[in-house]
Amino acid sequence: MPNDPKHTNALSKESSPYLLQHAHNPVNWLPWGNEARQKAAAENKLMLVSIGYSACHWCHVMERESFENEEVAQLMNDNFVCVKVDREERPDVDQVYMDAVQAMRKQGGWPLNCFTTPDGKPVYGGTYFPKVNWIDILNQLSDLWQKTPKDVQEYGDKLAEGMQVSGSIAVHDSRKVWEEKSLSDAIKNWESRMDNTYGGPDKAPKFPLPVNYIFLLRYGIIKNDKSLLNHVELTLDKMAQGGIYDQVGGGFTRYSTDKFWKVPHFEKMLYDNAQLLTLYAEAYNHYKKSDYLHISEGITGWLRREMAEANGSYYSALDADSEGVEGKFYTFETAELKAEGLLDAFSKFYFTDSHALWEGKLIPVRKGSFKEIASAINISEKETIANFDTLNEQLLAIRGKRTRPLTDDKTLCSWNAMLASGLLKTYAATGDETALTDAKGILKFIDNEFFDATTGKLTHSWKTGKASEFGFLEDYAFLISAWIDLYQTTFDEEALNRAKEFTAIAIDQFYDREKGIFFFTSSDQSDLINRPVELSDNVIPSSNSVMARSLHILGAYLSLPYYTEIANRLLSAVEKSMIEYPEGYGNWANLYLQNVMGSPELVIIGENAHEYHQEMKKGDLSYFILAVSDKNSRLPIFADRYEAEKTLIYICQNHACLKPVETIEAAKIEIIRLRKKFESQ
Numbered sequence: 004m005p006n007d008p009k010h011t012n013a014l015s016k017e018s019s020p021y022l023l024q025h026a027h028n029p030v031n032w033l034p035w036g037n038e039a040r041q042k043a044a045a046e047n048k049l050m051l052v053s054i055g056y057s058a059c060h061w062c063h064v065m066e067r068e069s070f071e072n073e074e075v076a077q078l079m080n081d082n083f084v085c086v087k088v089d090r091e092e093r094p095d096v097d098q099v100y101m102d103a104v105q106a107m108r109k110q111g112g113w114p115l116n117c118f119t120t121p122d123g124k125p126v127y128g129g130t131y132f133p134k135v136n137w138i139d140i141l142n143q144l145s146d147l148w149q150k151t152p153k154d155v156q157e158y159g160d161k162l163a164e165g166m167q168v169s170g171s172i173a174v175h176d177s178r179k180v181w182e183e184k185s186l187s188d189a190i191k192n193w194e195s196r197m198d199n200t201y202g203g204p205d206k207a208p209k210f211p212l213p214v215n216y217i218f219l220l221r222y223g224i225i226k227n228d229k230s231l232l233n234h235v236e237l238t239l240d241k242m243a244q245g246g247i248y249d250q251v252g253g254g255f256t257r258y259s260t261d262k263f264w265k266v267p268h269f270e271k272m273l274y275d276n277a278q279l280l281t282l283y284a285e286a287y288n289h290y291k292k293s294d295y296l297h298i299s300e301g302i303t304g305w306l307r308r309e310m311a312e313a314n315g316s317y318y319s320a321l322d323a324d325s326e327g328v329e330g331k332f333y334t335f336e337t338a339e340l341k342a343e344g345l346l347d348a349f350s351k352f353y354f355t356d357s358h359a360l361w362e363g364k365l366i367p368v369r370k371g372s373f374k375e376i377a378s379a380i381n382i383s384e385k386e387t388i389a390n391f392d393t394l395n396e397q398l399l400a401i402r403g404k405r406t407r408p409l410t411d412d413k414t415l416c417s418w419n420a421m422l423a424s425g426l427l428k429t430y431a432a433t434g435d436e437t438a439l440t441d442a443k444g445i446l447k448f449i450d451n452e453f454f455d456a457t458t459g460k461l462t463h464s465w466k467t468g469k470a471s472e473f474g475f476l477e478d479y480a481f482l483i484s485a486w487i488d489l490y491q492t493t494f495d496e497e498a499l500n501r502a503k504e505f506t507a508i509a510i511d512q513f514y515d516r517e518k519g520i521f522f523f524t525s526s527d528q529s530d531l532i533n534r535p536v537e538l539s540d541n542v543i544p545s546s547n548s549v550m551a552r553s554l555h556i557l558g559a560y561l562s563l564p565y566y567t568e569i570a571n572r573l574l575s576a577v578e579k580s581m582i583e584y585p586e587g588y589g590n591w592a593n594l595y596l597q598n599v600m601g602s603p604e605l606v607i608i609g610e611n612a613h614e615y616h617q618e619m620k621k622g623d624l625s626y627f628i629l630a631v632s633d634k635n636s637r638l639p640i641f642a643d644r645y646e647a648e649k650t651l652i653y654i655c656q657n658h659a660c661l662k663p664v665e666t667i668e669a670a671k672i673e674i675i676r677l678r679k680k681f682e683s684q
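Each residue of the sequence shown is one higher than the last, beginning at 4 in our numbering.
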C-alpha cells in the first residue's frame, strides 16, 4: 500500500485483505451490498461484479494491468458501478456468478468478472482478461446497454431464470438398497482417467483433491484392490516429493501446473492443507511410510509457525507472489546455494537439473522416498530424515531473509472447522497430542467468536474482533463434522450434543423439505438473485455431501431415522452423476461406500472400553460408525448394551448386531469376515 495514496475508494473501510488490496485503485470500487445495487439503479448502469481472493496470482496480474491503470479505471467508473468481492468472504456471491459464467459456456476461475443488470442479473462474464481485451469488452457492453437496454435486461432475466431451473434437482425418495455395482462402475470410469506414471488425474493442471484419495484408499482397503491401493500410494508419493509440496517450509500449494507435480501455483490455502492432513494421516495408518508421517509433521509445523493466531484460530492463505513475482519466495538459485555452501547437501536430496528447473531457478523437488534416498547415499532412513531436516532448516533461514508473501489474515469458520477435523485425524493416526490440543482450541474459538448466542446462528468470516453478517451451509456442515470427529477421537458425548444442536439449526435454516436438498444460503438471506445449491465435490467437498455424511452418522448415534432419510434422499439425487464422473463426487462416494457395507457399527462398552479401542484402532476402522464408553451411557447407540464388570464389543450391520464378544481377538475375526463378505461382492 502506498504511504500517500493518490486514490482511496470505499474498500478502505473493509477488513478483507483482498478488498483492502484494491482500496487504492483508481477504480471506484464498492463492496457487495445494497449501496452498489441502488447506485446502479439510480444511475442506470450495468454493474461489474469482480471476484477474487488475496492469494490469487492472476487476480494480481489483472489488477496491475487494468485496475491500477488510470485510463481503464476512468472507462470503468464512467460506465459501470464496480463491485469487488472476496470469494472467501462471500462464497455465496461467488457461486451465483460462477454458475452464471459457466452457463454462458465460459471457463470458470479467478479472477471472475461478471457484468450484471442493475438488479444483479448476469449478462456477460469471464475470468482474466488482458488489458486490450478488457477495454474492448468495456466499450462493447457500455454501448450495448446504452442502445438496447431492454434486450440486455431480457437476456439477464432469461439467464437468471435458467439458473433457477438448472440449480434445482429432481425429488428423490430415500432408498434402502445400495448396490456395490454402482461403486465398481464408478471406479471403472475413474480408472480410465488416472495417471499411472505420476499419479493423480491424467491431465494437468493437477489438484490434490484429498477427498477423492480418501475414498479410493478406503475402497481399496475394504475391497483389497491392490491396483487401486498402488495408485493411491503412487499419487501420495509423487505429491509428497514434488514441488506442489513446500519441501523446505511444509504445507501444500494449491495445484500443480504440470503432470509431474513439479511446478506449483504457489499460493497456500488452509482448506487444502486441512484436508491433506486427513488424507496423509489415513495413508500413514495403512502404509506405515515414514514419508507420510513427515508430511503430517511438515504441514502442522508450517501451520503453527506461519498460520496460527494466538487466539487458537488459523489464517486463510498465503499469497503466490512476493515483490510482484510468482514463487520468488520459494525458489533458489544454484549460485545462491553454492555461496551458502549448501549445494552439495542440496543435491543429495533434491534435483538440480530439468526435474527441478523453472524459469532459471530451482524448485525443491525431492529425488525420491526417504528409503530410496537413504539407499542411494548409503545411510539409514532415520539418519536420512534427520539430515534432510537439518538442510531444510538452513534453507528456511535463507528464505527468512526474503520478503514474505502476504498473509490473508481473516479467519473463516468453515476452513477452521475443516482444520480441526484434519488435526483430530492426525492425532488419531500419530498420537501428536499438540494436534488434539490445537483442534480443541479451534472449536473453542468458533464457539466464542463465530456463534452468536443471541441469534443462535453461525457467522462465516472474522477478523480483529469483527464477524461477518451471514453464515453459510458450509460453516454448519464442516463444524458439525468436526464435532463428530472430536467425539470419534475422544468419545466425549458432549461433542455429539454440539453436533446435534448445529444440525437442528442447519435443517431449519437451509433445508428444503419439499426438494430434499440444502441451499447454500439461509432462508433469511435475501441479497442474491437465487439461492445457490452446492452438490458436486470440488477442491472443497460440497456442503451437501458433508451434511449428508454427518446426518448419516448422527442418525446412527442418536437413533434419528429422519436424519438418515435426509442423507439417503441426498445420496440418491447424485448417484447417477457419481457413477459417470466420480472424480467430482468423492465425498458422496465415501457415504455410498458406507451404505453399501450396511452402515457397519462398532460399539465398545464396559470398564476396559478405551483400552480395547486403543488396540483395535491399529487396524482400519475408517468405515465403522464407532462408539466407545467405559460406563453406562444415555446415548441411544449404547441402549441396553451395558453390563457391569464386562467389556462388550458389538459389531452391527444393516441395523442388526452379531452376538457381542468380550475379546479383541474375537472382534477382529468378525471384522475380517465382514470385510471378506464385502470384498467378494
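The C-beta atom is built at its ideal place from N, Cα and C for all residues, glycine as well. Only a predicted model underlies this, so the values are computations on that prediction, with no experimental measurement involved.
DSSP, read as helix, strand or coil, puts residue 626 in coil.
When the alpha-carbon of residue 519 is set against those of 272, 335, 548 and 483, the nearest one is in 548. Every unbroken stretch of the alpha helix (DSSP H) spanning 4 or more residues and falling wholly within the region 321-394 is given here in chain order: 337-342, 346-352 and 373-380. Residue 300: member of the alpha helix (DSSP H) spanning 293-305, first to last residue. Only residues of its own chain outside the window of five on either side were considered, and among them 461 have a CB closer than 7 angstroms to the CB of residue 454, listed in chain order. Nearest C-alpha to residue 374 among 127, 294 and 228: 294. By the Cβ test, the region 258-272 is not in contact with the region 397-405, since fewer than three Cβ pairs between them sit closer than 8 angstroms. For residue 219, the enclosing alpha helix (DSSP H) starts and ends at 213-226.
Taking the Cα positions, residue 364 is about 15 angstroms away from residue 245.
According to the DSSP assignment, residue 85 belongs to the beta strand (DSSP E) that extends over 83-89. Here residue 465 carries a strand assignment [DSSP, helix/strand/coil]. Nearest to residue 513 by alpha-carbon distance, out of 478, 540, 489 and 384, is 478.
Distances from the CA of residue 192 to each of 624, 579 and 654 were compared; the closest alpha carbon is that of 579.
Going by C-alpha positions, residue 104 is about 22 angstroms away from residue 37. Our two residues, residue 503 and residue 207, have alpha carbons roughly 41 angstroms apart in a direct line. Between the alpha carbons of residue 41 and residue 487 lies a gap of roughly 44 angstroms. Using a C-beta cut-off of 8 angstroms, the region 627-645 makes no contact with the region 573-588, since fewer than three inter-stretch Cβ pairs fall below that distance.
Close CB contacts of residue 622 within its chain, under the 8 angstroms cut and outside five residues either way in sequence, are with 671 and 674 (chain order).
The C-beta distance from residue 542 to residue 212 rounds to 7 angstroms, short enough to fall under 8 angstroms.
The shortest CA-to-CA distance from residue 248 to any of 353, 72, 506 and 571 is the one to 353. Runs of the alpha helix (DSSP H) lying entirely within the region 597-659 and spanning at least 4 residues, in chain order: 612-619. Residue 116 sits in a strand when the DSSP states are folded into three classes. Between the alpha carbons of residue 530 and residue 329 lies a gap of roughly 36 angstroms. Put simply, the region 643-660 touches the region 603-611. At least three CB pairs are less than 8 angstroms apart. Relative to residue 135, the option among 355, 272 and 74 whose CA is nearest is 74. Remark: C-beta atoms of residue 566 and residue 557 approach each other more closely than 8 angstroms. Linking residue 278 to residue 524 through their CA atoms gives a straight-line distance of about 23 angstroms. If you look at residue 50, you'll find it in the beta strand (DSSP E) that goes 49-55. The alpha helix (DSSP H) runs of length 4 or more contained entirely in the region 120-193 are, from start to end of the chain, 134-150 and 152-169. The shortest C-alpha to C-alpha distance from residue 598 to any of 640, 552 and 586 is the one to 552.
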